[in-house]
Amino acid sequence: MSLYDKIYEVVYQIPRGKVATYGQVAELANLSRKARLVGYALYKIPLETTDIPWHRVINAQGEISHSIWRKGTDYLQRSRLESEGIQFNTQGKINLSQYLWKPTV
DNA sequence: CCGGTGACCCGAG
DNA sequence: GCTCGGGCCACCG
Numbered sequence: 001m002s003l004y005d006k007i008y009e010v011v012y013q014i015p016r017g018k019v020a021t022y023g024q025v026a027e028l029a030n031l032s033r034k035a036r037l038v039g040y041a042l043y044k045i046p047l048e049t050t051d052i053p054w055h056r057v058i059n060a061q062g063e064i065s066h067s068i069w070r071k072g073t074d075y076l077q078r079s080r081l082e083s084e085g086i087q088f089n090t091q092g093k094i095n096l097s098q099y100l101w102k103p104t105v
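Here you go:
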């Protein structure tokens with residue numbers, strides 16, 4: 001049971017067609033203010049890991065974040081989101097007020 | 001042990 | 001819109 005398991009658990013709960021921000025995931029995982037850890041946790045997820053919908057996690061600007069070393073996955077992430085019905089505006093951003101996941105309290 | 005790195009966030013100017 | 005700086009903390013060499 002590592003710190004990341006908590007993060008993965010939260011990400012796993014993101015429903016289809018919705019997205020969550022790093023900060024949001026951090027809070028739900030009791031890691032408020034530690035959004036970077038969420039990014040690091042996702043960074044460690046192998047591409048072959050399909051159990052975790054990592055593509056539904058985006059930054060607070062409603063855009064897809066990725067490191068330059070993972071180029072190519074940006075296409076994959078956007079592709080997956082679009083196939084779930086999520087639309088990007090002309091600036092490549094997501095309308096958070098519409099797609100942001102509202103977790104069950 | 002230490003320093004660099006990293007899918008981040010927020011406030012100030 | 002932009003840049004800067006601070007905060008936070010695990011991982012790796």
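If you're matching positions, the first sequence starts at 1 in this note's numbering and goes up one per residue. Beta carbons are placed, not taken as given, at the ideal position from N, Cα and C, and that holds for glycine.
Cβ-based burial, Trp101 [other Cβ within 10 Å; buried from 16]: It counts as buried.
Exposure label - Tyr75; buried when at least 16 CB within 10 Å: By the neighbour-count criterion, in which 16 or more other beta carbons inside 10 Å mark a residue as buried, Tyr75 falls on the exposed side.
Local Cβ density within 10 Å of Arg33, reported as buried at 16 or more and exposed below that: Exposed, because fewer than 16 other Cβ atoms sit within 10 Å of the Cβ of Arg33.
Separation of Tyr4 from Ala41, as counted between CA atoms: Going from the Cα of Ala41 to the Cα of Tyr4 covers about 6 Å.
Buried versus exposed call for Pro53 [16 or more other C-beta atoms within 10 Å across all chains shown]: The residue is buried, with at least 16 neighbouring Cβ atoms inside 10 Å.
8 Å contact criterion, which Val57 and Ala29 should meet: CB distance rounded: Incorrect: roughly 12 Å between the Cβ atoms, too far for contact.
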